[in-house]
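Engineer: Below are the C-alpha cells for one structure; questions will follow.
There are 2 protein chains.
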Amino acid sequence: MKTDNSKIKNVFKDMSFSPKEISIIENVFHKVTFKKGDLIIKVNDSVEYQYYTLDGCLRSFYTDEEGKEHTIQFAICDWWISDFTAFFSDSNAILNIETLRDSVLYKISKEDRELLYKEIPKIESFFRLKLERAFSAFQKRILSNISKPASERYMQFRKTYTNIERCVKNYHIASYLGITTESLSRIRKELASK
Amino acid sequence: MKTDNSKIKNVFKDMSFSPKEISIIENVFHKVTFKKGDLIIKVNDSVEYQYYTLDGCLRSFYTDEEGKEHTIQFAICDWWISDFTAFFSDSNAILNIETLRDSVLYKISKEDRELLYKEIPKIESFFRLKLERAFSAFQKRILSNISKPASERYMQFRKTYTNIERCVKNYHIASYLGITTESLSRIRKELASK
DNA sequence: CGTTGGCTTGAGAGGGCTCAAGGCCAGTGG
DNA sequence: CCACTGGCCTTGAGCCCTCTCAAGCCAACG
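Protein chains in written order, with my numbering: chain F, 1 to 194; chain A, 1 to 194.
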C-alpha cells in the first residue's frame, strides 16, 4: 500500500537522493490527515511517531493539575511535531497534540527512523541538526522567560512567528507565553496605543 | 603529547571499547584544569569545544542589557557543558561559562567529535541520546517556568539537583530560577517555617 | 435572533521587584 | 587575639505587573 507521496521531497528539501533512496523514504513516511480539533496524541498514549506538517496547524500542550493548558509548541507548514520527550524515551505521552485546523501530516515511526539512519546515513545528520536547532530555540525561550516581561516576550513572538500568529487564537499565544488571556489582551491594547 | 586520561572511561561509562577505540578516544579528549572564577568561555569567543566535567563545578550564564546574569546551566561531576547554541551553529558565544570551584575538564573539539562519529559510530548515538535528554530537560524547565510559582520551582530544583545545590551560591540558584536573591531568601524563610 | 466562542475591560489581590539597610560570617592583617 | 573587611544572605517598605473573578461586547452561526 502506497500513499500519495508526491511532496515527500519537501521534508528534506535541501538534500538530494538517488531513486533507490527515494523509494526507501517513501516507504517509511505515511501521509495522514486530520480534521480541525482532532487530538493526534493524547496524554498517556504511547508515542510511536513524529509528524511532519505538510499543511495545517497544530499545537502541543501540557495540562496541569488545575486543568490549565500550557502550549509547548506550534507547528505549521514544514515543522515537525510530536511529544518528543515521550518519543525519545519510549515513555507515555505527557502532552496532548491537537490540530487547530484541518491538517495533512507525514508520520514516521521511531523504528523506521532508525532504519533510515542505517540506509541513508546523511539523514541522521539531518535529524541531528534539527534537534540541535530545537535545543537552541528552547534555550532562547528559557532565557526570555526568566529575563523579559510578558510584553517583550509577546513582541518577540510576533516578530519570530508571524506566520503562526496568523493561524492561532490569542489564548493559544497567551498559554505559550505563560500569561493569561486577560493579560495578553491588556498588553495588546497597550502596544496598539503607540 | 599525551595527557593523563586514566579516567577517560568515565565519559562513556556504560559503553565498552576495543583497545584501538580507546586510543582513538584518548587522542581527541584533552584534559584541562581551571581555577575557581576562571571564565572558560567568554561572550563573543568562538566556541571550539564542549567540555566534560571530571571534577569541579561550573555554570553557563547570559548577561542581559542591564547587566543582570541569568544562569542557563550548572555542571558538576559527569555533566557536559558549553555554549551549545554557539557550538552547534559555529557562531560566537552568547554565554559566559565560569568555574565556581577549581575544576578539571575534558574538552573535545567539534571536528574531533565528527571524527569520533566516523570512527566509532555508536558514539554518535551516545551523543544523540545526551542531546535528546537535554532537550527534554529544557522542555520541562519551560513548562515549570510558565506554569509554576517560584516557590515550587525552587523546591523542584532542590529535589532534582541536590548535588548542585551543595556547590553553588543562593544567588546562582536565584538567577537560574529567574527570580531575585531577595525573593529566594523570602521563599527559603517561608519553607523553613514549615 | 438567541447562543456560543473569543476578546476586552474593570476592580481587587498577591507575588515578585526595587531600593535600602542591616546582619552574619570567614578571612586577613595589625 | 581582635578589629576590619568583603561577600553573602536577610529583612523591610513600597510599588508594579500579572492574576483572579466577574461582567460586557461583538461577530459568527445555526
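Note that beta-carbon positions come from the ideal geometry of N, C-alpha and C, so glycine has one too.
1) Run through chain F and tell me which residues come within less than 8 Å of A/Leu143, C-beta to C-beta.
2) Use the C-beta contact count for A/Asn145: other C-beta atoms within 10 angstroms, 16 or more gives buried, fewer gives exposed.
3) Alpha carbon to alpha carbon, what distance is there between A/Arg158 and A/Ser18?
4) Residues in its own chain within less than 8 Å of A/Asn93 by CB, not counting five upstream and five downstream?
5) Please check if any C-beta of chain A sits within less than 8 Å of the C-beta of F/Ser151.
6) Could you tell me whether the region 58-76 of chain F touches the region 173-182 of chain F, where touching means 3 or more Cβ pairs closer than 8 Å?
7) I need the DSSP call for A/Ile187, collapsed to helix, strand or coil.
8) Starting from the beta carbon of A/Arg128, find every residue of chain F whose beta carbon is closer than 7 Å, and list them in chain order.
9) Determine which residues share a DSSP beta bridge with A/Thr33 and list them.
10) Mind checking whether F/Phe138 and A/Ile142 have CB atoms under 8 Å apart?
11) Give every residue of the same chain whose Cβ lies closer than 8 Å to the Cβ of A/His172, excluding the five residues on either side of it in the sequence, and list them in chain order.
12) Residues in the region 69-103 of chain A with C-beta within 8 Å of chain F's C-beta atoms, listed in sequence order?
13) What are the start and end residues of the beta strand (DSSP E) that includes A/Pro93?
14) Run down chain A in chain order and give the residues with a C-beta less than 8 Å from the C-beta of F/Glu132.
15) Note down the Cα distance separating F/Leu184 from A/Ile97, rounded to an integer number of angstroms.
16) Which one or two residues does DSSP pair with F/Asp235 in a beta bridge?
17) For A/Phe12, go through chain F and note every residue whose CB falls closer than 7 Å to its CB, in chain order.
18) Could you tell me whether the Cβ of A/Phe157 comes closer than 8 Å to any Cβ of chain F?
19) A/Gly178 touches chain F at which residues, Cβ-Cβ below 8 Å?
20) Could you tell me the boundaries of the alpha helix (DSSP H) in which A/Phe127 lies?
21) Report all residues from its chain with a CB closer than 6 Å to the CB of F/Cys57; omit the five preceding and five following residues, and keep chain order.
22) Using CA coordinates, which residue listed in A/Pro121, A/Glu182, A/Leu191 is at the minimum distance from A/Glu152?
23) Taking only beta-carbon atoms, is A/Gln139 less than 8 Å away from chain F?
24) Is F/Glu65 helix, strand or coil when you go by DSSP?
25) Tell me F/Leu39's beta-bridge partners as DSSP assigns them.
26) Output, in sequence order along the chain, the residues in the region 108-120 of chain F whose CB is closer than 7 Å to any CB in chain A.
27) Measuring CB to CB, does A/Ser91 end up less than 8 Å from F/Lys68?
28) Among all the DSSP beta bridges, which residues are the ones paired with F/Phe74?
29) Exposed or buried, F/Leu129, counting other C-beta atoms within 10 Å across all chains shown (16 or more means buried)?
30) Count the other CB atoms, across all protein chains shown, that sit within 10 Å of the CB of A/Thr160; report buried if there are 16 or more and exposed otherwise.
31) Within 10 angstroms of the Cβ of A/Leu131, are there 16 or more other Cβ atoms? Answer buried if so, exposed if not.
32) Answer yes or no: does any C-beta atom of chain F fall closer than 8 Å to that of A/Phe193?
33) In angstroms, rounded to a whole number, what distance separates the CA positions of A/Thr33 and A/Val104?
34) Measuring only between beta-carbons, confirm whether F/Lys2 sits less than 8 Å from chain A.
35) Looking at A/Val28 and A/Leu115, is the spacing between their C-beta atoms short of 8 Å?
36) Flag this pair as yes or no: are the beta carbons of F/Tyr106 and F/Tyr52 separated by less than 8 Å?
Structural biologist: On the basis of the supplied data:
1) Tyr62, His70, Ile72
2) With 16 or more Cβ atoms within 10 Å of its Cβ, A/Asn145 is classed as buried.
3) Distance between the alpha carbons of A/Ser18 and A/Arg158: 40 Å.
4) Looking at the sequence shown, residue 93 of chain A is not Asn but Ala. Cβ within range, chain order: Ile41, Lys42, Val43, Asn44, Asp45, Ser46, Val47, Asp83, Ala86.
5) no
6) Because the criterion of three Cβ pairs below 8 Å is met, the region 58-76 of chain F and the region 173-182 of chain F touch.
7) In this structure, A/Ile187 counts as helix in the three-state DSSP scheme.
8) Arg128
9) DSSP, once it has assigned bridges, lists A/Val104 as partnering A/Thr33.
10) Result yes, Cβ atoms of F/Phe138 and A/Ile142 sit closer than 8 Å.
11) Counting only residues of its own chain and dropping the five nearest sequence neighbours on each side, A/His172 has a CB closer than 8 Å to the CB of Arg59, Thr71, Phe74, Leu100.
12) His70, Ile72, Phe84, Thr85, Phe88, Ser89
13) Note that residue 93 of chain A corresponds to Ala in the displayed sequence, not to Pro. Segment: none, A/Ala93 is in no beta strand (DSSP E) and carries neither H nor E.
14) Phe84, Phe88, Ser89, Leu131
15) 35 Å
16) One cannot answer for residue 235 of chain F here, as it falls past the ends of chain F, which runs 1 to 194.
17) Simply none; closest approach about 18 Å.
18) no
19) The answer, in chain order, is Asn145, Ile146, Ser147.
20) 121-147
21) Ile76, Leu100, Arg101, Cys167
22) A/Leu191
23) yes
24) coil
25) F/Glu98
26) none
27) no
28) F/Arg59
29) exposed
30) exposed
31) buried
32) Contrary to the premise, residue 193 of chain A reads as Ser rather than Phe in this sequence. So, not an interface residue.
33) 4 Å
34) Any reading at F/Lys2 must be qualified, since the residue scores a pLDDT of 47, below 50, and its modelled position is unreliable; no value is offered.
35) It is a contact, given that the beta carbons lie within the stated cut-off.
36) yes
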